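In the numbering used here, the protein residues as written are 99 to 272. Note that CB positions come from ideal geometry on N, CA and C, so glycine has one too. Only a predicted model underlies this, so the values are computations on that prediction, with no experimental measurement involved. Beneath this line is the structure, given in structure tokens, with notes to follow.
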Amino acid sequence: MAGKDKSAANPDHGEYGRVARQYVIDLRDRYRFRSRWNRRFFRFTGILVTVLSISLPLITVISFPQKDLTIAVIGVAIALSTGLHSFYQWDKNWGLLRRSDFKLTEAYSAWELEMHHAQSLVDGPNKEQRRYDATKALLDKASVIRGKESESYFDALQFPQKPGPAGEKKPDGQ
99 MAGKDKSAAN PDHGEYGRVA RQYVIDLRDR YRFRSRWNRR FFRFTGILVT VLSISLPLIT
159 VISFPQKDLT IAVIGVAIAL STGLHSFYQW DKNWGLLRRS DFKLTEAYSA WELEMHHAQS
219 LVDGPNKEQR RYDATKALLD KASVIRGKES ESYFDALQFP QKPGPAGEKK PDGQ
């Protein structure tokens with residue numbers, strides 16, 4: 099797994115670097131953390147549902163004590179895993195968080211490039227203005243990325259639909 103960026107520890111960027119790391123890199127690292135958990139839950143529940151679903155027909159033909167209880171517990175585990183996946187949509191959130199991570203990493207890399215370019219300038223006031231402008235643009239872009247991620251996350255959340263007659267789903271609002 100990717101660790102902290104070496105550039106995140108670059109002291110050449112001074113206060114601008116501290117601000118960028120504090121907001122952008124910390125935000126990106128939170129996305130990475132959440133993404134890992136969404137991936138784990140998605141994979142775990144997918145494997146669990148698959149294994150339990152495959153084992154259910156076999157268990158029904160074998161005789162053993164507590165067979166009915168075992169079948170009931172397996173059914174509940176399948177329903178619970180499926181319901182949780184349907185509600186939390188771990189697969190979609192995993193992708194959403196990874197895309198946000200990639201966008202923040204790209205924005206941070208562009209900022210670093212601009213900061214190194216500004217560092218090479220001889221003109222003092224212009225150099226400082228470029229560093230400020232680059233950092234402001236980075237923070238603005240990170241804010242937009244965060245806003246889109248939050249909006250997409252909450253738009254995707256939905257309560258599992260109760261099937262209507264003959265398994266048809268009811269339209270929203272009914």
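Three-state secondary structure assigned by DSSP to residue i
i, result
"residue 213", "helix"
"residue 220", "coil"
"residue 99", "A caution first: residue 99 carries a pLDDT of 44, below 50, which makes its placement in the model unreliable, though a value can still be read off. Correct three-state label for residue 99: coil."
"residue 167", "helix"
"residue 187", "coil"
"residue 182", "helix"
"residue 227", "helix"
"residue 255", "coil"
"residue 200", "helix"
Endpoints, alpha helix (DSSP H) assigned at residue i
i, result
"residue 133", "124-159"
"residue 114", "112-118"
Close beta carbons around residue i, own chain, < 7 Å, minus the five adjacent residues each side
i, result
"residue 168", "157"
"residue 216", "225, 228, 229, 232"
"residue 203", "126"
"residue 182", "143"
"residue 124", "none"
Beta-carbon spacing of residue i, residue j below 7 Å
i, j, result
"residue 132", "residue 194", "no"
"residue 143", "residue 179", "yes"
"residue 118", "residue 236", "yes"
"residue 188", "residue 139", "yes"
"residue 190", "residue 254", "yes"
"residue 141", "residue 192", "no"
Cβ shell of residue i (< 6 Å), same chain only, five flanking positions each side left out
i, result
"residue 99", "Residue confidence for residue 99 is low, a pLDDT of 44 falling below 50, so the modelled location carries little weight; the figure read from the coordinates is stated next. Counting only Cβ-Cβ distances below 6 Å, and skipping sequence neighbours, we find nothing."
"residue 146", "179"
"residue 206", "122"
"residue 129", "195, 198, 199"
"residue 257", "none"
Residues of its chain near residue i, where Cβ-Cβ distance is below 8 Å and the 5 sequence neighbours each way are ignored
i, result
"residue 164", "none"
"residue 221", "none"
Report task. Assess, as a yes-or-no matter, whether the segment 160-177 is touched by the segment 194-207 under the definition of 3 or more beta carbon pairs within less than 8 Å. Result -> no
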